[in-house]
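Numbering-wise, our numbering puts 53 at position 67 of the sequence shown, and it's gapless, one number per residue.
Beneath this line is the structure, given in structure tokens, with notes to follow.
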Amino acid sequence: MKILRRYWGLVALALLLTAWWTTQVGPGVLYLLSGAVVLWSLFQAPAWCGAATRSRGGFCRNNSRGLLLGCHLREHRWQKFKMLFYFSRWAAFSRGTWATPSAKLATVSGLVGSVSAIATGIKDFALS
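Here you go:
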């Protein structure tokens, strides 16, 4: 059960991909599943912290939850969130999203969820 609590977003991703292959699913379900996958990847997916440390060019390797949240250190949580608002730090943030296999999985699933939500919006707008 612990692994299901940790990786429930992958179950939502599998359901999302299955829902796209079946044509009988409405846009509400696709929006719900897409949002669940994106929220999981941003706030609950297992990943490294990736915040900059005091050593030159070093990054924190503590475990964190989600691509936006840092590890148990309070300053790392804020530092990682602030990376999104400074253009010069986007490279460091994006480097951390591809650092480990679990972070890659969270990044790809978040991108799939985002693209799915956009495509659902386009499909829903075109059909109405």
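Using N, Cα and C, we set each Cβ at its ideal position, and we do this for glycine too.
Verify whether the separation of the beta carbon atoms of residue i and residue j is less than 8 Å.
| i | j | result |
| --- | --- | --- |
| Leu55 | Lys66 | yes |
| Thr106 | Leu16 | yes |
| Leu53 | Ala(-2) | no |
| Leu2 | Gly96 | no |
| Ala22 | Gly(-5) | yes |
| His62 | Ala37 | yes |
For residue i and residue j, I'd like the C-alpha separation in whole angstroms.
| i | j | result |
| --- | --- | --- |
| Ser100 | Ser20 | 7 Å |
| Met(-13) | Trp6 | 27 Å |
| Arg40 | Cys57 | 15 Å |
| Tyr(-7) | Asn49 | 15 Å |
| Arg(-9) | Arg42 | 36 Å |
| Ala0 | Tyr72 | 34 Å |
| Ala112 | Ser102 | 15 Å |
| Thr9 | Ile104 | 17 Å |
Would you grab the beta carbon distance between residue i and residue j for me? Rounded to a whole angstrom, and I think it's under 8 Å.
| i | j | result |
| --- | --- | --- |
| Thr86 | Trp26 | Rounded, the Cβ-Cβ distance is 17 Å, inconsistent with contact. |
| Arg51 | Pro32 | 7 Å |
Secondary structure at residue i, three-state DSSP: helix, strand or coil?
| i | result |
| --- | --- |
| Ser41 | coil |
| Arg51 | strand |
| Ala85 | coil |
| Ala112 | helix |
| Ala92 | helix |
| Ala103 | helix |
| Ala5 | helix |
Using 7 Å as the cut-off, classify the Cβ of residue i as near or not near the heavy atoms of the ligand NAP, replying yes or no.
| i | result |
| --- | --- |
| Trp34 | No copy of the ligand NAP appears in this structure; indeed no ligand is present at all. |
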